[in-house]
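To start, the structure under review is shown below, and the notes come after it.
There are 2 protein chains.
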Amino acid sequence: MTYELHYWPGLQGRGEFVRLALETAGADYVDIARGQDGLERMTDVFDDPAQPHPPFAPPVLKDGDLLIGQTAAILLYLGPRLGLAPDSEGDRLWTHQIQLTIADLVTEAHDTHHPVATGLYYEDQMAEAARRAADFRANRLPKFLDWFERILTRNPTSGGGPWLVGDRTTYADLSLFQALEGLSYAFPKAMARLLPDRPRLQRLHAAVLTLPRLRAYIDRGPRIPFNQQDILRRYPELDD
Amino acid sequence: MTYELHYWPGLQGRGEFVRLALETAGADYVDIARGQDGLERMTDVFDDPAQPHPPFAPPVLKDGDLLIGQTAAILLYLGPRLGLAPDSEGDRLWTHQIQLTIADLVTEAHDTHHPVATGLYYEDQMAEAARRAADFRANRLPKFLDWFERILTRNPTSGGGPWLVGDRTTYADLSLFQALEGLSYAFPKAMARLLPDRPRLQRLHAAVLTLPRLRAYIDRGPRIPFNQQDILRRYPELDD
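Quick mapping for you: the protein sequence lines, in order, are chains A and B. Heads up: the first sequence runs through residues 45 to 284, numbered per my numbering. Heads up: the second sequence runs through residues 45 to 284, numbered per my numbering.
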């Protein structure tokens, strides 16, 4: 069965968290919005009045008749099917809990450049963005990074390895890698200050880059570069 | 087994989404932070260095050795155990997806009064709050309410009933009820404008109030009234 991923074509965004799982597992999937009539086919998923479970927003995964929205729900579904989830219910819940916390971090990071309204331009909310970004850099970002460092340190079944849950790669590892990538794009100065004291985060980031299929995807594409339409954006004035 | 709920004692907050499920099912649980040495016992869950899966933030559910953070993950776990989740995997994912969208709405509603920093007082971000709340009332709130109305209308197995998924109450119904309660507390004028055109939302809200155990909990307590320390707060200037 070929999975369909429905997400905006011009950015990594939240779709990239799903893509990294599909790519790392070598899964058969189509990135609908990047193909022929892609945006129309994506829009159909949201606008089809016969769709009993219309999603609220992209990304959406389609697997046969099943349509799943919300990034963390998609990964909850894909994890076991792609060999990227642990075996026990407790560990699966823990992996999902980590994913939800990564999602919270990504939302807060996004809101640094759009603290008033996603429907307005950044230029219309620069003063508010400056205040929110200052708090994010000083308080929220270190709090999140500390938590990830802590749970990496405490993983009771890591076997000395670099992963968040147990001794195998899960989708949460890929998502944390992706969050770190986005944060380093958007806040290079803040991350250059924060990462050296957090060796487990660095180790996880490096370990993900050794996964052969993921490495090939990053080196050869079709990964889209980070850009100023993405969830995380580089505004130097927000990264002091 | 007695569940332990760990959440701040003085507000409904995100803990209330878990409480409503536990109360509606008549589950055996202890609201730790409201009991003897409650805040200390709650803090221990976060600070215990021997805890392999320390949560990021309250609410936290403890079931024996299992500790679960993130409201939606807690309800994903509790749903089937409390008889508040549908049977099939597809419907359970759909219920979870709805819950995650309710969580997004609650976060956006919270951010209307704290758009800059949760660590600052409202009084230190009133100008930003006014702008964010205006966008929330005009764009985001109607968009969310329309989506809930739409999925209530489309529920293919409702059997004519009022529920979001299938023909039985799920935790998502209780959570949507709770979100509507909070929004009507915080934005009475906006909600009085928006609800009349959305009959399915009104019907769901009324139907939840007929559930005997939930009704008793709301009438007799120990439900805490909404207040100005809660996630959703009533600032009349934000509700134009």
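Backbone N, C-alpha and C fix where the C-beta goes; we use that ideal spot for every residue, glycine too.
Rounded separation between residue i and residue j - CA only
{"i": "residue 114 of chain A", "j": "residue 167 of chain B", "result": "34 Å"}
{"i": "residue 154 of chain A", "j": "residue 142 of chain B", "result": "22 Å"}
{"i": "residue 74 of chain A", "j": "residue 49 of chain A", "result": "6 Å"}
{"i": "residue 60 of chain B", "j": "residue 160 of chain B", "result": "25 Å"}
{"i": "residue 116 of chain B", "j": "residue 147 of chain B", "result": "8 Å"}
{"i": "residue 111 of chain B", "j": "residue 138 of chain B", "result": "24 Å"}
{"i": "residue 64 of chain B", "j": "residue 260 of chain B", "result": "11 Å"}
{"i": "residue 72 of chain A", "j": "residue 66 of chain A", "result": "8 Å"}
{"i": "residue 212 of chain B", "j": "residue 221 of chain B", "result": "15 Å"}
{"i": "residue 55 of chain A", "j": "residue 206 of chain B", "result": "39 Å"}
{"i": "residue 51 of chain A", "j": "residue 269 of chain A", "result": "15 Å"}
{"i": "residue 240 of chain A", "j": "residue 99 of chain B", "result": "24 Å"}
{"i": "residue 140 of chain B", "j": "residue 120 of chain B", "result": "7 Å"}
{"i": "residue 265 of chain A", "j": "residue 170 of chain B", "result": "45 Å"}
{"i": "residue 188 of chain B", "j": "residue 149 of chain B", "result": "7 Å"}
{"i": "residue 89 of chain A", "j": "residue 95 of chain A", "result": "7 Å"}
{"i": "residue 82 of chain A", "j": "residue 53 of chain A", "result": "8 Å"}
{"i": "residue 235 of chain B", "j": "residue 58 of chain B", "result": "20 Å"}
{"i": "residue 68 of chain B", "j": "residue 257 of chain A", "result": "47 Å"}
Reduced DSSP category for residue i - H, G, I as helix; E, B as strand; rest coil
{"i": "residue 47 of chain A", "result": "strand"}
{"i": "residue 268 of chain B", "result": "coil"}
{"i": "residue 209 of chain B", "result": "coil"}
{"i": "residue 105 of chain B", "result": "strand"}
{"i": "residue 88 of chain B", "result": "helix"}
{"i": "residue 275 of chain B", "result": "coil"}
{"i": "residue 73 of chain B", "result": "strand"}
{"i": "residue 123 of chain B", "result": "helix"}
{"i": "residue 54 of chain B", "result": "coil"}
{"i": "residue 226 of chain A", "result": "helix"}
{"i": "residue 113 of chain B", "result": "strand"}
{"i": "residue 68 of chain B", "result": "helix"}
{"i": "residue 231 of chain A", "result": "coil"}
{"i": "residue 99 of chain A", "result": "coil"}
{"i": "residue 338 of chain B", "result": "In the structure as shown, chain B begins at 45 and stops at 284. Residue 338 of chain B is therefore absent and cannot be evaluated."}
Nearest residue (CA-CA) to residue i, options the options
{"i": "residue 237 of chain B", "options": "B:209, B:212, B:263 and B:182", "result": "B:182"}
{"i": "residue 284 of chain B", "options": "B:252, B:179 and B:249", "result": "B:179"}
{"i": "residue 255 of chain A", "options": "A:70, A:58 and A:56", "result": "A:70"}
{"i": "residue 85 of chain A", "options": "A:223, A:97, A:123 and A:106", "result": "A:106"}
{"i": "residue 78 of chain A", "options": "A:267, A:90 and A:281", "result": "A:267"}
{"i": "residue 101 of chain B", "options": "B:87, B:68 and B:76", "result": "B:87"}
{"i": "residue 135 of chain B", "options": "B:193, B:234, B:208 and B:252", "result": "B:208"}
{"i": "residue 186 of chain B", "options": "B:175, B:224 and B:201", "result": "B:224"}
{"i": "residue 201 of chain A", "options": "B:93, B:97 and B:62", "result": "B:97"}
{"i": "residue 93 of chain A", "options": "B:62, B:191 and B:262", "result": "B:191"}
Per-residue contacts from residue i into chain C (C-beta, under 8 Å)
{"i": "residue 179 of chain A", "result": "Although the question refers to chain C, the structure presented lacks it and instead comprises the protein chains A and B."}
Exposure label - residue i; buried when at least 16 CB within 10 Å
{"i": "residue 272 of chain B", "result": "exposed"}
{"i": "residue 46 of chain B", "result": "exposed"}
{"i": "residue 210 of chain A", "result": "buried"}
{"i": "residue 80 of chain B", "result": "exposed"}
{"i": "residue 163 of chain B", "result": "exposed"}
{"i": "residue 173 of chain A", "result": "buried"}
{"i": "residue 34 of chain A", "result": "This structure leaves residue 34 of chain A out entirely; chain A is present only between 45 and 284."}
{"i": "residue 203 of chain A", "result": "exposed"}
{"i": "residue 103 of chain A", "result": "buried"}
{"i": "residue 123 of chain A", "result": "buried"}
{"i": "residue 145 of chain A", "result": "buried"}
{"i": "residue 108 of chain B", "result": "exposed"}
{"i": "residue 193 of chain A", "result": "buried"}
{"i": "residue 282 of chain A", "result": "buried"}
Are the segment 222-237 of chain B and the segment 270-278 of chain B in contact at 8 Å, needing three or more beta carbon pairs? yes
Across the segment 244-258 of chain B and the segment 194-210 of chain B, are there enough close Cβ pairs to call them in contact, namely three or more that are closer than 8 Å? yes
Using a Cβ distance threshold of 8 Å, determine whether the segment 117-131 of chain A contacts the segment 212-219 of chain A, with at least three qualifying pairs required. yes
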